[in-house]
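J.:
Residue numbers (the UniProt record's numbering): 1 to 171.
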């Protein structure tokens, strides 16, 4: 049940973003294999990423940079579980999901897109308090973290991670 709920929620998040973003992004990817093409590696809730290879000089993988503006969803997994009955047959599964937002650092009159921080705002508005009709607690917006920057066509592009948490009862 845990893995199916993670996949179901990740798919629901991506579907909501596709519906809500319209033409603001080139793609919304929900498949971990598809996301891996962009260089994302999830390790224990933190990103050790080829998108930002060195902490001293973060840059974005050229494969990922070419696909921007884009949103990539990642299921961060179950971060903790607690028993919810005296018989310990039901557990509260706490899960983390991350949406990687990539776009130009700032939009200007010549650029048709929104800019990364406007997309971050839109993602948080679209997903906050959503339960997608599933037996889960509504999504709670968590941290927003910059992941890296790079230049493309003489303009700065940026990646930002938006974390969301939820929980459900697992039997």
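Every residue gets a Cβ at the ideal spot worked out from N, C-alpha and C, and that includes glycine.
According to DSSP, what are the bridge partners of residue 27?
T.: Here the question's residue 27 lines up with position 27 in the chain shown. 70.
J.: Select from 123, 166, 73, 64 the residue whose C-alpha is nearest the C-alpha of residue 21.
T.: The count along the chain shown starts at 1 and reaches residue 21 at position 21. The option with the nearest alpha carbon to residue 21 is 123.
J.: Within the same chain, show all residues whose beta-carbon is closer than 8 Å to that of residue 170, passing over the 5 residues directly before and after it, in chain order.
T.: On the chain shown, position 170 is the one that residue 170 refers to. Within the same chain, residue 170 has close Cβ partners 1, 2, 5, 81, 90, 91, 92, 93.
J.: Please state the DSSP three-state secondary structure of residue 104.
T.: The residue labelled residue 104 in the question sits at position 104 within the chain shown. Looking at residue 104 - three-state DSSP - the assignment turns out to be strand.
J.: Taking a contact to mean a Cβ-Cβ separation below 8 Å, would you say residue 16 touches residue 126 in this structure?
T.: Here the question's residue 16 lines up with position 16 in the chain shown. Here the question's residue 126 lines up with position 126 in the chain shown. A contact, by the Cβ cut-off of 8 Å.
J.: On a Cα-Cα basis, can you pick out the residue from 102, 66, 76 that is closest to residue 147?
T.: Reading the chain shown from its first residue, position 147 is the one you call residue 147. With distances taken between Cα atoms, residue 147 lies closest to 102.
J.: Could you give the C-beta distance for residue 120 and residue 104, rounded to a whole number, given that I count them as a contact under 8 Å?
T.: Locating residue 120 in the chain shown gives position 120, where the first residue counts as 1. Locating residue 104 in the chain shown gives position 104, where the first residue counts as 1. Not quite, the Cβ-Cβ distance comes to about 13 Å (not below 8 Å), so this is no contact.
J.: Among residues of its own chain, excluding the 5 on either side of residue 167, which ones have a beta-carbon nearer than 8 Å to its beta-carbon?
T.: On the chain shown, residue 167 is found 167 positions in, with the first residue counted as 1. Excluding sequence neighbours, residue 167 sits near 92, 93, 94, 95, 136, 137.
J.: What does the alpha-carbon distance come out to for the pair residue 131 and residue 75?
T.: Residue numbering aside, residue 131 sits at position 131 when the chain shown is read from its first letter. Residue numbering aside, residue 75 sits at position 75 when the chain shown is read from its first letter. Residue 131 and residue 75: Cα-Cα distance of roughly 15 Å.
J.: Compute the distance between the beta-carbons of residue 128 and residue 73, then report whether it is under 8 Å.
T.: As a position in the chain shown, residue 128 is number 128, starting the count at 1. As a position in the chain shown, residue 73 is number 73, starting the count at 1. Their beta carbons are not under 8 Å apart, which means residue 128 does not touch residue 73 by this criterion.
J.: For residue 79, which of helix, strand or coil comes out of DSSP?
T.: Taking the chain shown and counting its residues from 1, the one referred to as residue 79 is at position 79. Here residue 79 sits in strand by DSSP.
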